[in-house]
Amino acid sequence: MSAPFGRRACEVTADAASGGYRIFSLRDREGPPPEPGQFYMLAAESGWGESGGRPFLPRAISVAEAVPAGEGVRLDFLVEDVGPGTERLCCLEPGERVWVTGPLGNSFSTPTQVNPDAAGAILVGGGIGIAPMAIWRRHLVERGIPLRVLLGFRNEAHSGGLEELFCAGGSLCPDVRLTSEDGHAGHRGYVTDLLATMLAGDDAASAVVYSCGPPAMLEAVRALCAQHDVACELAMESPMACGFGACFGCAVPKSDGGYIRLCVDGPVLRGDAVLEVAHA
Amino acid sequence: MPDFCGIELAHPVINASGTYDAIAARRVFGDALLAEFPFSAFVSKTITPEPRVGNQPRRIWETPAGMINSIGLPNKGLEGFLAEDLPQLAELPVPLIVSAMATNREDFARMIERVAERDEVAAIELNVSCPNVHSGLIVGEQPSETEALLEVLRPLTGKPLIVKLTPNVANPEAVALAAEEGGADAVSLINTLKASAVDPASGEPAIAAGHGGLSGPAVRPIALQQLRAVRAAVEVPLIGMGGISTAADAAEFIAAGATVVAVGTESFRDPGAGTRVAKGLETTVSQSQPRVRALHLD
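Here the protein sequences line up with chains A and B, keeping their order.
The numbers in the numbering used here rise by one with no breaks, and the one at position 69 of the first sequence is 73.
The numbers in the numbering used here rise by one with no breaks, and the one at position 50 of the second sequence is 53.
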């Protein structure tokens, strides 16, 4: 379903700290519900570059959850303050308005769409990249597709979103396993350590891996899946000015030469379509 | 209804070449794009004789009130464009201007002949911000190169030829004059300003190509001054652009002598910016003409 043409102002209905991240909600009265993996271009209506000129461009943010709400849909976004754009998005107040374009880009394929013999899914999220894994996890659970979820964080300051996105009844969903590089939560080490163990198991070939996270992690996931001949879909990030194919900024090298525009041909790409995930 | 080189436009706002891919936008927004098309004419991304994949990333970098880009003109090449893109662009509800570039006059001539013979094409914009491989000189930086190129291309078509000026010269008006003397029907300006940035995380150039072109509101006062200088030098109609984000910005360019204005980078922030500027311009120009004049003279 097409995104409404142009940008529209949506009201912030909630905003809260979540660990080291922020999670905020917008009420979208016009757009269709997003598919898991899709993103929006977001810019605060006020305080966007007025003093000092940055942020200037809208920011591409993956949707973490979407829930029907009254007339329209409530969109949840998980953000970390890593620069002037996300800094502004991290201090939105309820009642403020945000310019929204989207939903944009493609979405995850079901395991059997990727591999007709697939029996289940492995979701691997790192850092702020856990956001699209949350909405995708819910869709898979609703379809009764067996899954395991591996989430990794660098340290306590660079983590969040678990309570809102991966908990039920106050405790972590049973299919979710945590890792942290500093050992503050779950397995101490990389999330890809757990993936490597899982892919070495007997039943791994019947899974499809879905992943979103920092480039180094995504590249490790891509390489592990290639090594074990397991299909994977990666939700990637790239510098993006427009989100609708106009700027040609978000070029990602293809495995067969040339580039794709991540905004219109992604952000979800098959692991074997990508040359390698660039270490930005 | 502005008349631009004999092309009737519904309003004076078009897009800057390379800042809107109407084919991709239609995939994203569906036919609502056609119903609410934001421009009164559509300028294609620059095509070249052969296909190009474009530059390796990183290609864009945000700057205060603007951005630097070095995209590298990815396109399907002349024949790919004519076969695949042109029929889709012909479905747009507005006249089509094709932007073309080549690195020698023979290739340029071949492109102009092939493009101009297509009924879907209303006009051609010559992107001269490229080197002539024979002389090694950037065509648009040299009045003599520009005039010589026009003398080759002018006899090939009766359709309007627009020369897109580069701002990276001391005297853009000299190049504009050479274009006019060579037979150009119109001049458009400005292209992006040569610029660079350093990625603070690595200490390396932020753009993989080393440098790129600056666009956005940051360049607007420079664009406006170059437009005034060119306006004073030539008689042909001008397409003014450079950081136009609002109707008030566009009104300044019109007051300074532009017949048509182009929106570029602002469309990245607001896909419907062209419509917003055009609608605002109706009000601004009809109700605030004295104020616009004052802006021009102050």
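In this text, a Cβ means the ideal position worked out from N, Cα and C, and glycines have one as well.
Quick caveat, the model's predicted, so the values are computed rather than measured.
Chain B partners of residue i, CB-CB under 8 Å?
| i | result |
| --- | --- |
| A:V281 | What A:V281 touches in chain B: nothing, since even the nearest Cβ is about 12 Å away. |
| A:A47 | R272 |
Looking at the structure shown, is residue i part of a helix, part of a strand, or coil, going by DSSP?
| i | result |
| --- | --- |
| A:E280 | coil |
| B:K162 | coil |
| B:I225 | helix |
| A:R26 | strand |
| B:G69 | strand |
| B:L129 | strand |
| A:R147 | coil |
| A:P107 | strand |
| B:D6 | strand |
| B:P293 | Residue placement at B:P293 is flagged as unreliable, the pLDDT there being 46, under the threshold of 50; the coordinate-derived value follows with that caveat. Correct three-state label for B:P293: helix. |
| B:T169 | coil |
| B:I17 | strand |
| A:F112 | coil |
| B:F42 | coil |
| B:D301 | Low per-residue confidence applies at B:D301: pLDDT is 38, beneath 50, and the placement is therefore not dependable, though the value from the model is reported in the following sentence. In the structure shown, B:D301 sits in coil (DSSP, three-state: anything other than H, G, I, E or B). |
| A:C95 | coil |
| A:A255 | strand |
| B:T286 | helix |
| A:W52 | coil |
| A:D197 | helix |
| A:V153 | strand |
| B:F271 | helix |
| B:I115 | helix |
| A:A13 | strand |
| A:A20 | strand |
| A:V67 | coil |
Which residue from the options puts its Cα closest to that of residue i?
| i | options | result |
| --- | --- | --- |
| A:A138 | A:A250, A:F81, A:A47 | A:F81 |
| A:L127 | A:M244, A:R181, A:V77 | A:R181 |
| B:A251 | B:F84, B:P220, B:F111 | B:P220 |
| B:P77 | B:P60, B:Q91, B:L92 | B:P60 |
| A:P40 | A:C229, A:F248, A:C216 | A:C216 |
| B:E11 | B:R30, B:L99, B:E39 | B:L99 |
| A:S55 | B:T66, B:E87, B:G57 | B:T66 |
| B:A28 | A:M221, A:R265, A:L61 | A:R265 |
| B:A177 | B:P203, B:T149, B:P163 | B:T149 |
| B:R30 | A:D276, A:A277, A:D269, A:A70 | A:D269 |
| A:A239 | A:R274, A:P38, A:A211, A:V212 | A:R274 |
| B:D110 | B:A276, B:G80, B:L89, B:L92 | B:G80 |
| B:Y23 | B:G283, B:R272, B:A281, B:R279 | B:R272 |
| A:E91 | A:R58, A:R78, A:A123 | A:R58 |
| A:D233 | A:P98, A:V213, A:F252 | A:V213 |
| B:A13 | B:I63, B:V97, B:V56 | B:V97 |
| A:S50 | A:V102, A:R63, A:V77, A:C246 | A:V102 |
| A:P62 | A:N110, A:V272, A:G87 | A:G87 |
| B:E269 | B:P163, B:A204, B:A226, B:A68 | B:A68 |
Residues of chain A with CB closer than 9 Å to the CB of residue i, please, in chain order.
| i | result |
| --- | --- |
| B:I63 | L61, P243, M244, A245, C251, F252, G253, C254 |
Mind pulling the chain A residues with CB within less than 7 Å of residue i?
| i | result |
| --- | --- |
| B:R234 | By Cβ distance, chain A contributes nothing, its closest Cβ being about 28 Å from B:R234, past 7 Å. |
| B:A390 | There is no way to answer for residue 390 of chain B, as the model of chain B reaches only from 4 to 301. |
If you drop the 5 nearest sequence neighbours on each side, which residues of the same chain put their C-beta closer than 7 Å to that of residue i?
| i | result |
| --- | --- |
| A:G190 | R181, L182, T183, S184 |
| B:P175 | L168, L192, Q229, A232, V233 |
| B:L300 | Model confidence at B:L300 stands at a pLDDT of 40, short of 50, so the residue's coordinates are unreliable; what they give is reported in the following sentence. Closer than 7 Å at the Cβ level, and outside the excluded window around B:L300, lies no residue. |
Which chain B residues sit within Cβ distance under 7 Å of residue i?
| i | result |
| --- | --- |
| A:R101 | None at all; the shortest Cβ gap to chain B is about 14 Å. |
| A:L108 | V31 |
| A:F9 | F32, A35, L36, E39, P274, G275 |
| A:G53 | A68 |
For residue i, go through chain D and note every residue whose CB falls closer than 7 Å to its CB, in chain order.
| i | result |
| --- | --- |
| A:V268 | The question asks about chain D, but that chain is absent: this structure's protein chains are A and B. |
Closer than 9 Å by beta-carbon distance: list the chain B residues that pair up with residue i, in chain order.
| i | result |
| --- | --- |
| A:Y285 | A question about residue 285 of chain A goes unanswered here, because the residues of chain A that appear run from 5 up to 284. |
| A:S50 | Per Cβ cutoff of 9 Å: no residues; A:S50 is ~14 Å from chain B at best. |
Near residue i, which residues of its chain fall below 6 Å by C-beta distance, leaving aside the five closest residues on each side in sequence?
| i | result |
| --- | --- |
| B:I242 | S191, V263, A265 |
| A:A209 | none |
| A:R158 | E185 |
Quick one: what's got a C-beta closer than 8 Å to residue i's C-beta in the same chain, skipping five residues either side?
| i | result |
| --- | --- |
| A:R147 | T114 |
| A:F170 | I134, A138, R141, V153, L155, L176, C177, V180 |
| A:F28 | V16, A18, D19, A20, D80, F81, V83, L93, L96 |
| B:E144 | T169, N171, V172, V178 |
| B:F45 | I17, N18, Y23, A25, L92, L95, V97, P98, L99, I100 |
| B:A125 | I10, A44, P98, L99, I100, K162, P163 |
If the cut is a Cβ gap below 8 Å, which residues of chain A does residue i touch?
| i | result |
| --- | --- |
| B:M114 | Per Cβ cutoff of 8 Å: no residues; B:M114 is ~21 Å from chain A at best. |
| B:T22 | A250, C251 |
| B:V56 | G261, G262, Y263 |
| B:G69 | G57, F60 |
Notebook entry, point to check: Can you list, in chain order, the stretches of the alpha helix (DSSP H) that have 4 or more residues and sit fully within the region 178-257 of chain B?
Noted result: The region 178-257 of chain B is shown to contain whole alpha helix (DSSP H) runs of 4 or more residues at 223-236, in chain order.
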